[in-house]
Amino acid sequence: MKNLFKTIGFLFVVWIFSPSPISANKPYVILISFDGFRWDYLDRGISPNLEFMRKDGVSSLSLRPAFPSKTFPNHQSIITGMYIENHGIISNSFRDKFNNELYRMGDTNAVRNSRWYLGEAFWETAERNGITTASYFWPGSEMILDYRRPTYFEAYEHNRDYAMRVEGVTEWLKLPKEKRPHFITLYFDDVDTQGHRFGTESPEVNNAIKRVDGMLGLLFTMLDEIKMRDSVNIIVVSDHGMTDISNERTINIENLVGGMNCRFYDSGPFMTVDAPKEKFEEVYKILKQNENRYKVYKKNEMPEYYHYKNHPFIGEIILIADMGWSLITNRRSEYDSKGNHGYDNNHTDMHGIFLAMGPNFKNGYRTGTLWNIDIYPLLCRIFELTPRSNIDGKAERIEFILK
Ligand code: AMP
Ligand code: ZN
Ligand code: ZN
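Heads up: the sequence shown runs through residues 74 to 476, numbered per the numbering used here.
Next comes the structure, spelled out in structure tokens:
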């Protein structure tokens, strides 16, 4: 009898410590961002590897970013499942006006300071649940607190060779099983950079589309070589689209409210303004009277659909330019470029792409517009993890693309 209990006890211990079927077959996901890849660039017929994904996997008509349709805020929305007012990266650069500290995407110390990031990135959710993760660039992936960043990460280097990035991802997948990451991010700026410089219809943008598509092809080849092509899910997204702008379509906001000691944050597609308390109503009135080619809102009157008011660092007056128009001050020169983004996120010019392929995704499945805040809960579904309860994204708006 004693022996029987011993045997049962032994079997119980073995069962407890043996890997469950789920963890034994943990999925792999590579999340790739092609910055500024507008949804309709896919139809130019110059991206065969993305086309392959459309046929073999899932594709959406477009991917709706959050407002404002800028790079850092939207990469955070994708990776946390939160609207921008909630994850706190309210622009590429912004000021904590209470402590007079600056967050700037070009400032390595600032982007590594975890105090700015109010959301939990998917890599943190995954690592908390015993899943190793890696990032070959992603805004927010370099935080100094090690439990808030992926196990493996690369410090952002704008000119890092593109093929080297793909090789880096492949090297991580070649690690022994117990060290190998199951979730990896990868990022390319090219399409956005050329879109700003030369505009959406330029040969330069088309060449950038071809280059990043070529990198996807290289990834396919390398996954074939290490015999992981069939086991890896690949998701390709972009953070926003792009629209053409011009020198002739600018509005100098500073000239309208000159001499009133206003502070201006951001410029181009959107701008926020802080005015001294006693001048606030006057400043707002002037901006409202001149409301032509832009919309102006007091922060607390900002339409709910933007989800861009409930954060203390957002300016007290918010201006959103009409498509293609640029809001400028005397020292800002966005109007020198040919393309920009940051506008109303419901306008399709601001929409990006979403394509996904691999063992967890349906084949040849086309769906309508998806929302980028739903990608975090989608990742949680793939890895069978419980998403954070405070997110804005919803699995039920996206999970039908899974097998
Ligand atoms: P945007 O002004 O919104 O078009 O921002 C695009 C730019 O963001 C890129 O050209 C990069 O220079 C920059 N960027 C993207 N990812 C990162 C990162 N992880 N760290 C620092 N800068 C980045
Ligand atoms: Zn971007
Ligand atoms: Zn850009």
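Beta carbons are placed, not taken as given, at the ideal position from N, Cα and C, and that holds for glycine. Note that the coordinates shown come from a computational prediction; the quantities given were computed from them, not determined experimentally.
Residue pairing from DSSP places residue 425 in a beta bridge opposite 136. Here the C-alpha atom of residue 391 lies approximately 47 Å from the C-alpha atom of residue 252. Not one heavy atom of ligand 3 lies closer than 7 Å to the C-beta of residue 339. If you draw a straight line from the Cα of residue 476 to the Cα of residue 191, it comes to about 32 Å. DSSP links residue 106 through a beta bridge to 260 and 310. The continuous alpha helix (DSSP H) containing residue 243 extends over residues 235-246. Taking a contact as a CB-CB distance under 8 Å, the pair residue 426 and residue 275 does not count as one, their CB atoms being some 19 Å apart.
In terms of Cα proximity to residue 431, the closest of 296, 240, 444 and 247 is 296. Distance from the C-beta of residue 144 to the nearest heavy atom of ligand 3 is below 7 Å.
At a threshold of 7 Å, residue 431 does not count as near ligand 2, since its beta carbon sits no closer than that to any of the ligand's heavy atoms.
Residue 121 has its alpha-carbon roughly 45 Å from the corresponding atom of residue 385. It is roughly 22 Å from the alpha-carbon of residue 224 to the alpha-carbon of residue 309. Residue state for residue 206 is assigned as strand, using DSSP reduced to three classes. By the 16-neighbour rule on beta-carbons within 10 angstroms, residue 197 is buried.
Between the beta-carbon of residue 396 and that of residue 416 there is about 6 Å, and that keeps the pair under the 8 Å contact cut. In this structure residue 470 does not touch residue 399 by the C-beta definition: roughly 33 Å separates them, more than the 8 Å allowed.
Closest by C-alpha distance to residue 153, out of 429, 473 and 221, is 221. The DSSP assignment places 323-325, 336-338, 343-347 and 367-371 as complete runs of the beta strand (DSSP E) inside the segment 321-389, in order along the chain (cut-off: 3 residues). Below 8 Å, enough C-beta pairs join the segment 283-303 and the segment 234-253 to call them touching: three or more. For the set 349, 337, 330 and 110, the Cα lying nearest the Cα of residue 362 is the one of 330.
Distance from the C-beta of residue 417 to the nearest heavy atom of ligand 3 is not below 7 Å. Under the three-state reduction of DSSP, residue 211 is assigned to coil, being neither helix nor strand. Residue 112 is not bridged by DSSP to any residue. With fewer than three CB-CB distances shorter than 8 Å, the segment 207-220 does not count as touching the segment 458-473.
Sixteen is the threshold: since fewer than 16 other Cβ atoms of the shown chains lie within 10 Å of the Cβ of residue 175, the residue is exposed.
CA-CA distance, residue 367 to residue 250, rounds to 54 Å.
Here residue 454 carries a helix assignment [DSSP, helix/strand/coil]. The beta-carbon separation of residue 106 and residue 148, rounded to 7 Å, stays under the 8 Å limit for a contact.
Around residue 200, the same chain offers 206, 220, 223 and 224 as residues with beta carbons nearer than 8 Å, after the five sequence neighbours per side are excluded. From the listed residues 461, 472 and 447, the smallest Cα separation to residue 139 is found for 447. DSSP assignment within the segment 128-199 yields the following whole alpha helix (DSSP H) runs of 4 residues or more, N-terminal first: 144-153, 157-160 and 181-184. Taking C-beta separations shorter than 6 Å and ignoring five residues to either side along the sequence, the partners of residue 111 in its chain run 314 and 315, following chain order.
Residue 219 sits in a helix when the DSSP states are folded into three classes. For residue 296, the uninterrupted alpha helix (DSSP H) run begins and ends at 276-298, by DSSP.
For residue 219, the Cβ stays outside the 7 Å cut-off from all heavy atoms of ligand 3. Between residue 229 and the set 262, 240 and 255, the nearest pair of CA atoms involves 262.
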